[in-house]
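First the structure, in the form of structure tokens, and then the observations on it.
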Amino acid sequence: MSIERQRAKDRFWRVDPPRSRCLGFSLLEAAIYAAVIGIITFPILSAVVGVTRTTEEGDLLAKIQERKRSALHQITNDYRRSLAGTAAVTNSDKTLSFTLPGGFNGTGASAGNAIRYELRADPTDAPNSIDDNGNGVVDENILVRVNATASEEVTIASHLDPNTSGFSLNGDAVVVSLSCMAWAKGSQRVTEVSETRTVYPRN
Ligand SMILES: [Ca+2]
Ligand SMILES: [Ca+2]
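When we follow the working numbering, the leftmost residue of the sequence shown carries the number -3, and every step to the right adds one.
Here is the structure:
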């Protein structure tokens, strides 16, 4: 067989490899698949993020409710023991002072420790409309219990809203309003819980 005939025969029987569709996706197919995967997974991821955020906000709400409850509980217990007629509210309704009984003087309860509850600007967040300490709430207050007689003071609450927290008097009773606030990471808003309680002295 001549070389020319052999070459012609080879060309006749040569089978080009099929352009298999299994070797890869076209650009259009890849784009469609990506879009479909995105449509399926985006709602799932959104739901997971939503549940996580809801859980964080729920935990935060429980935490600040407990913070408020604990501070009100302490003020209530303190003030109920106080001597009637000794309460005063000063410093633009931000300070409550009263006197605890010190014992029995033969005719009644004698004066004991002088107590103050003071709402103060948080030392880490000055009142300048800026969240200086980066905790998500702006210009929060702290609540400090001062035992003036013993020269002792203890911070019993923080994250308090200065605009809605304060004291007032109603006869011998004191009206205490506390608003605790906090911010959950990723949340669009600050969570706040408030309570106003009227407390009467028993002595
Ligand atoms: Ca500030
Ligand atoms: Ca702050």
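Beta carbons are placed, not taken as given, at the ideal position from N, Cα and C, and that holds for glycine. All figures in this text were calculated on a predicted structure; none of them were measured in a lab.
Collapsed DSSP secondary structure at residue i in the structure displayed
i: Asn73; result: helix
i: Thr145; result: coil
i: Thr50; result: helix
i: Glu25; result: helix
i: Ala203; result: One cannot answer for residue 203 here, as it falls past the ends of the chain, which runs -3 to 199.
i: Ser161; result: coil
i: Gly125; result: Here the sequence assigns Ser to residue 125, which means Gly is not the residue at that position. Coil.
i: Val134; result: coil
i: Val32; result: helix
Proximity of residue i and residue j at Cβ, strictly below 8 Å
i: Val170; j: Val189; result: no
i: Leu278; j: Ala105; result: As shown, the chain starts at -3 and ends at 199. That puts residue 278 outside it, with no answer to give.
i: Val85; j: Ser164; result: yes
i: Asn137; j: Leu115; result: yes
i: Val172; j: Thr145; result: no
i: Leu139; j: Ala117; result: no
i: Phe38; j: Tyr29; result: no
i: Asp74; j: Ile126; result: no
Residue closest to residue i, alpha-carbon to alpha-carbon, out of the options
i: Val142; options: Gly167, Asp168 and Asn109; result: Asn109
i: Leu56; options: Arg198, Ala107, Lys181 and Gln70; result: Lys181
i: Pro158; options: Asp121, Asn166 and Ser183; result: Asp121
i: Ala58; options: Thr187, Arg193, Thr192 and Ser88; result: Thr187
i: Thr51; options: Phe100, Ser183, Gln70 and Val133; result: Ser183
i: His155; options: Asn131, Asn199 and Phe100; result: Asn131
i: Glu53; options: Arg198, Arg185 and Asn199; result: Arg185
i: Asp135; options: Glu148, Ser147 and Pro119; result: Pro119
i: Asp168; options: Val32, Ala67 and Arg198; result: Arg198
Would you check if the region 96 to 110 and the region 73 to 81 touch, i.e. whether three or more CB-CB distances between them fall below 8 Å? yes
Any contact between the region 62 to 69 and the region 173 to 187? By contact I mean 3 or more CB pairs, one from each, below 8 Å. yes
Taking only runs that begin and end inside the region 53 to 123, name each unbroken beta strand (DSSP E) of 3 or more residues, in chain order. 84 to 86, 91 to 100 and 105 to 117
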